[in-house]
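A short worksheet on the structure shown next.
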C-alpha cells in the first residue's frame with residue numbers, strides 16, 4: 005500500500021513555479037525570434053480583418069487612397085459606417101485615422117497637396133463628385149474638432165450661425181427654437197440659458213466643446229465626425245461628452261477619432277484600427293477590446309508597442 | 041494569439057504586475073498540489089500527523105487567495121487592461137478561486153484521514169486501490185492544468201479536460217465497487233463512507249483542474265469553453281486554425 009507514486013517527491017511550491025517558468029521563458033524567447041516588427045507586419049497588410057462592411061451603410065468607403073504629395077497616408081481602405089452607429093477610429097499617431105476622417109466631409113480639399121482616390125458615398129451619393137457643392141455636404145456631415153473652436157460671437161450666435169447661412173430658418177422664433185433644442189441636445193442649455201448673449205469664448209473648455217457640438221447639430225446633420233473631441237477636456241467634461249455621444253447616436257451617425265482606447269471602448273459600437281495608413285481590423289467594439297483578431301490591434305490596445 | 045507577450049508592454053511596471061500575478065498563481069498552485077498529495081498520502085499511510093499538517097497549511101492557502109485577488113483588483117483599477125491582458129487578469133481571479141476550492145477539498149480529505157485513523161486505521165485495505173488510482177489521476181490533472189497555464193498551452197489544457205472525463209468514469213465505477221463492499225459487510229460502512237467522501241473530494245478537485253484548463257483556453261484564444269464537450273471544444277479550435 006505504501007509504495008505509491010505519490011510517495012516519490014512532493015515538489016515545493018517555489019521549485020514547481022521556477023521549473024514551470026523556465027519552460028515558458030524558453031518557448032517565449034523562441035517566439036520572439038520569429039516575431040516580425042509591427043512596421044513589417046503593417047506594411048504587408050493587404051486586407052482588413054474582421055467585418056469592415058455593414059448592413060445599411062450611411063457612409064460607404066471603397067478603395068480609398070490618400071496622398072500628401074508623394075507620400076501616401078491612407079492605403080486602400082474599405083469601410084462602412086452604418087446608420088445610427090458610432091464607429092471609433094483608433095491607432096497610433098500618424099496612422100492616417102484623422103486624414104481618413106477628414107476625407108468624409110472633404111475637409112482635405114483645403115490642403116493643396118492632398119489627393120483622395122477611391123469612392124466615398126453618403127447614402128449612395130459620391131461625395132467627391134466634381135459637381136457637388138461642399139457647403140451643403142458639410143451641413144449633412146458635420147465635424148467637431150480636437151480643440152473647441154467657438155466663433156468669437158455670443159453663445160446664441162454660435163449656434164444660430166449655421167441655420168442662418170444655410171437658410172434653414174427665417175423667423176426669429178424658429179431660430180430661438182433651434183438654438184434651444186440644439187443646446188439641450190448638447191447638454192448645455194441649463195448651464196447657459198441665462199447668458200445666451202455672452203461670448204462663447206468665455207465658457208469653460210468642456211462647455212465650449214459642447215457649444216461646438218450644439219453648433220454642429222443645429223444644422224441637422226446626418227453624420228457627425230469627431231476628431232479627438234475630448235483630448236483637451238477634463239474627466240468630468242469628457243464623461244459629459246461621452247454621455248452625449250450615446251444620446252446623439254440615436255439620431256445621428258457618428259465617426260470618432262480618439263487616442264483614448266477606454267473612450268473608444270465606452271462610446272462606440274464598432275472599432276476600426278489603423279496602422280501606418282492601413283485599416284488593420286474592424287470589429288464589434290466588445291470583440292476588439294476582449295479578443296481582437298489581429299496581432300497589431302492586440303499589441304496596440306494592450307500597450308505593447310516599443 | 042498563441043504567444044501572450046506579457047513581458048512586452050511599453051510600461052515595464054505593467055509587465056512586472058502581470059508577471060507577479062502569474063508567479064503568485066503558480067506558487068499557490070504548487071502549494072495546493074502539495075496539499076492534495078499530502079492529504080491522499082495521509083489516508084494511504086494512515087499518517088494523522090501529515091493530515092494535521094494539511095489542515096494547518098489550509099490557512100496559508102486562504103490567505104494567498106485573498107492576497108492574489110487583491111492584486112488582481114489593483115491591476116484592474118490601475119491599468120484597465122484590455123484584450124489578452126484583461127483575459128489574463130480575469131483568468132487568474134477565476135483560477136485562484138478554483139485552487140482555493142481544491143485546497144478546501146484537500147482539507148476534507150485530511151479530515152477523512154484522521155477519522156479513518158481514529159476508527160482503527162487500515163484494518164482492511166478495501167477502497168484503497170480506488171483511492172490510489174483516482175488520487176494519482178487527479179494529481180496528474182492538477183499538475184497538467186498548472187503546466188498548461190505556465191506555458192499558455194492549449195493542447196495540455198485539452199488533455200486535462202479529457203482526463204477529467206476519465207476521472208468521472210473511474211469515480212462512477214469506484215462508487216459501484218464500494219457499494220458492493222458495504223452490502224457484503226455492513227460493519228465496514230462507516231469506514232467505506234469515509235473513503236467515499238475522500239473520493240468525492242478528489243473527483244471535485246478534478247473538476248476544478250478542468251476549470252483551470254478551460255480558463256487557459258479562454259486566456260489563449262478568448263473562447264469561453266465552459267459547459268462545452270471535449271468534441272465541441274476541439275471543433276471550435278479547429279475552426280480557428
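Chains as they are written, first to last, in the working numbering: chain A, 5 to 310; chain B, 41 to 281.
Ideal Cβ positions, reconstructed from N, Cα and C, are used throughout, including at glycine.
query	result
Expected contact under 8 angstroms - CB spacing of residue 279(A) and residue 46(A) to nearest Å	4 angstroms
Pair within 8 angstroms by beta-carbon distance, residue 140(A) and residue 283(A)	no
Residue 181(B) beta carbon less than 8 angstroms from that of residue 83(B)	no
Supposed contact pair residue 223(A) and residue 166(A) - C-beta distance, whole angstroms, cut 8 angstroms	4 angstroms
Close-in-space but distant-in-sequence residues of the same chain around residue 241(A) (CB under 6 angstroms, 5 per side omitted)	210
Cβ of residue 308(A) within 8 angstroms of any chain B Cβ	yes
Contact list for residue 305(A) against chain B, beta-carbon separation under 7 angstroms	122 and 123
Residues from the stretch 243 to 268 of chain A in contact with chain B, defined by Cβ distance under 8 angstroms	265 and 266
C-beta neighbour in chain B for residue 293(A), strict 8 angstroms	yes
Sequence-distant residues of its chain with Cβ nearer than 6 angstroms to residue 119(B) (five each side left out)	54
Rounded separation between residue 241(B) and residue 280(B) - CA only	36 angstroms
Among 138(A), 218(A) and 148(A), the one whose alpha carbon lies nearest that of residue 161(A)	218(A)
In DSSP terms, what residue 171(A) is bridged to	Paired residues: none, contrary to the question.
Proximity of residue 90(A) and residue 253(A) at Cβ, strictly below 8 angstroms	yes
Nearest residue (CA-CA) to residue 109(A), options 125(A), 152(A) and 270(A)	125(A)
Alpha-carbon to alpha-carbon, residue 230(A) and residue 147(A)	6 angstroms
Buried or exposed by the 16-neighbour rule on C-beta atoms within 10 Å, applied to residue 154(B)	buried
CA-to-CA distance, residue 292(A) to residue 171(B), given in whole angstroms	47 angstroms
C-beta atoms of residue 269(A) and residue 289(A) nearer than 8 angstroms	yes
Sequence-distant residues of its chain with Cβ nearer than 6 angstroms to residue 144(A) (five each side left out)	225 and 226
Cα-Cα separation, residue 101(A) to residue 56(B)	32 angstroms
CB-CB length for residue 237(A) against residue 154(A), believed under 8 angstroms	Incorrect: roughly 14 angstroms between the Cβ atoms, too far for contact.
Inside the stretch 210 to 271 of chain B only - alpha helix (DSSP H) runs reaching at least 4 residues	229 to 261
Cβ contact (3+ pairs, closer than 8 angstroms) linking the stretch 139 to 148 of chain B and the stretch 205 to 216 of chain B	no
Coil, strand or helix - residue 212(A) by DSSP	helix
Local conformation of residue 288(A) per DSSP, three classes	strand
Cutoff 6 angstroms; reference residue 265(B); Cβ partners in own chain excluding five residues on either side	254, 257 and 273
C-beta neighbour in chain A for residue 50(B), strict 8 angstroms	yes
Buried or exposed by the 16-neighbour rule on C-beta atoms within 10 Å, applied to residue 275(A)	buried
Presumed contact (8 angstroms Cβ cut-off) between residue 44(B) and residue 131(B), rounded CB distance	The Cβ separation is near 10 angstroms, so there is no contact.
Limits of the unbroken beta strand (DSSP E) element including residue 159(B)	Note, residue 159(B): premise wrong, no beta strand (DSSP E); not H, not E.
Coil, strand or helix - residue 122(A) by DSSP	strand
Every unbroken alpha helix (DSSP H) inside the stretch 67 to 129 of chain B [4 residues or more]	88 to 119
Inter-stretch contact at 8 angstroms, needing at least 3 Cβ pairs: the stretch 61 to 75 of chain B / the stretch 120 to 140 of chain B	yes
Residue 277(A), enclosing beta strand (DSSP E) - first and last residue	274 to 279
Where the alpha helix (DSSP H) through residue 320(A) begins and ends	Residue 320(A) falls outside the range modelled here, since chain A spans only 5 to 310, and no answer is possible.
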